[in-house]
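Residue numbers (my numbering): 522 to 907.
Where is the CB? At the ideal position from N, CA and C, for every residue including glycine.
Accompanying notes for the structure given below.
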Amino acid sequence: MSQKYVIGLTGNIATGKSIVRRMLQELGASTVDADALVHLLQKPGSPVYKEIVEIFGSFILNDNATINRKRLSDIAFNIPEAMLALERITHPAVRRQLERAIERAPRYVVVIEAIKLLEGGLAEKCDAVWVVTSPEDVQMIRLVTKRKMSSQNALKRIQAQAPQQEKIARANVVIDNSGNLLKTWNAVQNKFTEIPSPAVAAPPVEEAPSKPVKEKLKAIDKSSIQIRRAARGDLKAMADLISAASQGGLSLDESDMMERLFSKGYLIALQGEELVGVVGWQTENLIAGIDDFFVKSSNLWPSVGKMLVEKVEEAVLELSCEAGLIFLYNKTSILGKKFLEKQGYQPQEIEDLEIKDWRQAAKEWQLENANLLVKQLMERRVMTPI
Numbered sequence: 522m523s524q525k526y527v528i529g530l531t532g533n534i535a536t537g538k539s540i541v542r543r544m545l546q547e548l549g550a551s552t553v554d555a556d557a558l559v560h561l562l563q564k565p566g567s568p569v570y571k572e573i574v575e576i577f578g579s580f581i582l583n584d585n586a587t588i589n590r591k592r593l594s595d596i597a598f599n600i601p602e603a604m605l606a607l608e609r610i611t612h613p614a615v616r617r618q619l620e621r622a623i624e625r626a627p628r629y630v631v632v633i634e635a636i637k638l639l640e641g642g643l644a645e646k647c648d649a650v651w652v653v654t655s656p657e658d659v660q661m662i663r664l665v666t667k668r669k670m671s672s673q674n675a676l677k678r679i680q681a682q683a684p685q686q687e688k689i690a691r692a693n694v695v696i697d698n699s700g701n702l703l704k705t706w707n708a709v710q711n712k713f714t715e716i717p718s719p720a721v722a723a724p725p726v727e728e729a730p731s732k733p734v735k736e737k738l739k740a741i742d743k744s745s746i747q748i749r750r751a752a753r754g755d756l757k758a759m760a761d762l763i764s765a766a767s768q769g770g771l772s773l774d775e776s777d778m779m780e781r782l783f784s785k786g787y788l789i790a791l792q793g794e795e796l797v798g799v800v801g802w803q804t805e806n807l808i809a810g811i812d813d814f815f816v817k818s819s820n821l822w823p824s825v826g827k828m829l830v831e832k833v834e835e836a837v838l839e840l841s842c843e844a845g846l847i848f849l850y851n852k853t854s855i856l857g858k859k860f861l862e863k864q865g866y867q868p869q870e871i872e873d874l875e876i877k878d879w880r881q882a883a884k885e886w887q888l889e890n891a892n893l894l895v896k897q898l899m900e901r902r903v904m905t906p907i
């Protein structure tokens with residue numbers, strides 16, 4: 522596909538592909554989420570959108586003319602001919618976009634995460650196929666607890682896919698992600714070091730300082746703050762800050778933070794070597810979910826909080842996300858809540874969200890002891906043909 526070393530990463534639903542992709546990113550690889558590309562290609566006005574609507578009809582559209590992905594996927598999963606038709610439309614466009622993304626990737630090792638990697642013909646263009654596996658009972662638990670599916674629907678989704686053994690038979694590398702995240706991390710590291718040269722070596726992990734969290738912190742100059750992506754060496758400091766800022770409501774250890782780090786993206790704010798802010802985010806269906814948003818002291822919301830939220834918005838807008846859903850810990854100070862409202866994030870009840878995709882995402886991501894704030898990040902855009 523290019524002069525780069527391309528890893529095709531796949532696995533059945535709820536096996537943990539995205540976690541492994543984030544681990545590879547942590548080790549220095551560039552990564553591409555093919556499913557996110559599909560979301561983008563299905564934007565109203567695109568050639569893919571027009572073909573899908575022509576075949577499946579307006580029944581699959583939301584009131585705002587966007588594709589209702591749940592409705593479309595329910596049809597595709599239950600009618601094999603519909604799945605084939607959908608794949609005939611999307612796969613060629615995704616391949617073209619992936620080729621462009623790989624060529625532009627800054628790293629030698631590039632990871633493509635695609636649930637249909639083998640079925641869609643992408644595997645032949647990869648240097649190695651990595652397959653992530655988990656037992657069916659673990660898949661069920663993840664779908665029910667994390668995606669809020671019913672047991673019946675979860676089982677139907679699992680059984681609609683080809684057996685994992687078929688993917689394993691075509692794999693160069695198999696990663697067991699049964700639940701022990703440290704074991705998964707060690708396996709990924711070991712296999713990453715076996716990538717042939719001239720693959721870049723994994724960068725050393727920087728140990729982040731662990732200092733006592735102070736109750737008060739003076740107002741600071743924005744120019745003294747550095748915002749960057751969180752790394753493994755930051756886990757202890759992140760856990761300490763979250764525990765202190767939540768007044769002990771969220772008591773996390775490094776293992777808890779590792780699972781969080783590999784489940785979503787995190788940005789941290791540093792003043793010198795001191796951690797003063799953290800925020801986590803993830804995207805699905807052109808919606809951004811933002812949580813674990815804490816600053817070291819409430820007077821830092823206008824400075825550190827603003828820098829973090831602006832960086833997250835910059836990142837999710839690059840993915841064409843239409844909405845940001847912040848799940849703000851309910852003990853966050855009044856200053857923090859007022860600050861976010863000034864940034865355009867308004868308190869909402871999930872059931873009051875008018876757009877169905879937003880409502881479904883909010884239900885899936887809803888956390889205990891958290892309040893929902895919502896901001897529309899962009900109007901519906903019309904894509905140009907690729």
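Next on the checklist: Which runs of the alpha helix (DSSP H) at least 4 residues long sit entirely within the region 574-625? Give them in chain order.
Outcome noted: If you keep only unbroken alpha helix (DSSP H) runs of at least 4 residues inside the region 574-625, you get 590-599 and 601-625.
Next on the checklist: Assuming contact is defined by CB atoms lying nearer than 7 Å, are L558 and Q618 in contact in what I supplied?
Outcome noted: As a position in the sequence shown, residue 558 is number 37, starting the count at 1. As a position in the sequence shown, residue 618 is number 97, starting the count at 1. Yes, the Cβ-Cβ distance between L558 and Q618 is below 7 Å.
Checklist entry - Taking 6 Å as the cut-off, is the CB of I636 close to at least one heavy atom of the ligand ADP? => result As far as ligands go, the structure on display features none, and thus does not contain the ligand ADP.
Checklist entry - Helix, strand or coil: which one does DSSP assign to A675? => result Counting from 1 along the sequence shown, the entry for residue 675 is found at position 154. Helix.
Checklist entry - By a C-beta neighbour count over all protein chains shown, 10 Å radius and 16 as the cutoff for buried, is N851 buried or exposed? => result Stepping through the sequence shown from its first residue, residue 851 is reached at position 330. Per the 10 Å Cβ criterion, exposed.
Item to check | Nearest candidate by alpha-carbon position, reference A751, set R609, G786 and G857 | outcome: The residue given as residue 751 occupies position 230 in the sequence shown. Checking every option, the nearest Cα to that of A751 belongs to G786.
Checklist entry - For A586, is the classification buried or exposed, using 16 other Cβ atoms within 10 angstroms of its Cβ as the cut-off for buried? => result The sequence position of residue 586 within the sequence shown is 65, counting from 1. By the neighbour-count rule (16 or more Cβ atoms within 10 Å), A586 is not buried but exposed.
Checklist entry - For I636, which option in P823, R749, Q881 and G537 has the closest C-alpha, if you only look at C-alpha atoms? => result For the purposes of this step, residue 636 is identified with residue 115 of the sequence shown, where counting begins at 1. If we check each option's Cα against that of I636, G537 comes out closest.
Next on the checklist: Mapping the DSSP letters down to three states, classify F860 as helix, strand or coil.
Outcome noted: For the purposes of this step, residue 860 is identified with residue 339 of the sequence shown, where counting begins at 1. It is helical.
Checklist entry - If you draw a straight line from the alpha carbon of I789 to that of T531, how long is it in whole angstroms? => result Position 268 of the sequence shown, counted from the first residue, corresponds to residue 789. Position 10 of the sequence shown, counted from the first residue, corresponds to residue 531. About 29 Å.
Checklist entry - Tell me, which residues are paired with F815 by DSSP? => result Taking the first residue of the sequence shown as 1, we reach residue 815 at position 294. As a beta-bridge residue in DSSP terms, F815 pairs with V799.
Item to check | C-alpha distance - R616 paired with V653, whole-angstrom precision | outcome: On the sequence shown, position 95 is the one that residue 616 refers to. On the sequence shown, position 132 is the one that residue 653 refers to. Going from the Cα of R616 to the Cα of V653 covers about 21 Å.
Checklist entry - Shortest alpha-carbon distance to F713 belongs to which of Y629, A760, M670 and R668? => result Your numbering for residue 713 matches position 192 in the sequence shown. Cα-wise, what sits closest to F713 is Y629.
Item to check | One or two residues paired with L530 in a DSSP bridge | outcome: Here residue 530 refers to the residue found at position 9 of the sequence shown. Note: L530 sits in a beta bridge opposite E634 and W651.
Checklist entry - With burial defined as no fewer than 16 other Cβ atoms inside 10 Å of the residue's Cβ, what is the status of Q747: buried or exposed? => result By one-based count along the sequence shown, residue 747 stands at place 226. Looking at its Cβ environment, which holds fewer than 16 other Cβ atoms inside 10 Å, Q747 is exposed.
Item to check | Same chain only: Cβ atoms within 7 Å of E572, ignoring 5 sequence neighbours per side | outcome: As a working mapping, residue 572 is identified with position 51 in the sequence shown. Excluding positions up to five away in sequence, the list reads I610.
Next on the checklist: I'd like the list of long-range same chain contacts for K896, defined as Cβ closer than 6 Å, with 5 residues on each side in sequence excluded.
Outcome noted: Translated into positions along the sequence shown, residue 896 becomes position 375. Listed in chain order, the non-local C-beta contacts of K896 below 6 Å within the same chain comprise G845, G865 and Y866, local neighbours out to five positions each way being set aside.
Checklist entry - To which residues of the same chain is A603 closer than 7 Å at the C-beta, ignoring the five residues directly before and after it? => result Locating residue 603 in the sequence shown gives position 82, counting from the first residue. Result list for A603: I596 and A597, in chain order.
Checklist entry - In the structure shown, what three-state DSSP assignment does K896 receive? => result Mapped onto the sequence shown, residue 896 falls at position 375. Here K896 sits in strand by DSSP.
Item to check | Nearest-angstrom beta carbon gap, N693 and A626 [assumed within contact, 8 Å] | outcome: In the sequence shown, the residue the question calls residue 626 occupies position 105. In the sequence shown, the residue the question calls residue 693 occupies position 172. At roughly 20 Å, the Cβ-Cβ gap does not stay under 8 Å, so A626 and N693 are not in contact.
Checklist entry - Which one of G641, E547, R749 and A708 has the shortest CA to CA distance from L791? => result Position 270 of the sequence shown, counted from the first residue, corresponds to residue 791. The shortest Cα separation from L791 among G641, E547, R749 and A708 belongs to R749.
Checklist entry - According to DSSP, what are the bridge partners of I850? => result Residue 850 sits at position 329 when you count from the first residue of the sequence shown. According to the sequence as given, residue 850 is Tyr; it is not Ile. DSSP, once it has assigned bridges, lists A891 as partnering Y850.
Checklist entry - Between which two residues does the beta strand (DSSP E) carrying A790 extend? => result The count along the sequence shown starts at 1 and reaches residue 790 at position 269. Start and end: G786 to Q792.
Item to check | CB-CB length for I847 against L782, believed under 8 Å | outcome: Translated into the one-based positions of the sequence shown, residue 847 becomes position 326. Translated into the one-based positions of the sequence shown, residue 782 becomes position 261. Not confirmed; about 19 Å, so no contact.
Checklist entry - Is I855 buried or exposed, if buried means 16 or more other CB atoms sit within 10 Å of its CB? => result As a working mapping, residue 855 is identified with position 334 in the sequence shown. With fewer than 16 Cβ atoms within 10 Å of its Cβ, I855 is classed as exposed.
Next on the checklist: Please tell me whether A760 and M778 are closer than 7 Å, where the distance is taken between their beta carbons.
Outcome noted: Here the question's residue 760 lines up with position 239 in the sequence shown. Here the question's residue 778 lines up with position 257 in the sequence shown. Contact: yes.
Checklist entry - Going by alpha carbons, who is nearest to A882 out of G810, Q680, S699 and K525? => result Numbered from 1 along the sequence shown, position 361 holds the residue referred to as residue 882. Cα-wise, what sits closest to A882 is G810.
Item to check | For E805, the residue or residues it bridges with in DSSP | outcome: Indexing the sequence shown from 1 puts residue 805 at position 284. DSSP lists I808 as partners of E805.
Next on the checklist: Assuming the contact rule is C-beta atoms closer than 8 Å, V825 and V797 should be a hit. Round their C-beta distance to whole Å, please.
Outcome noted: For the purposes of this step, residue 825 is taken as residue 304 along the sequence shown, with counting starting at 1. For the purposes of this step, residue 797 is taken as residue 276 along the sequence shown, with counting starting at 1. So it is a contact: roughly 5 Å between Cβ atoms.
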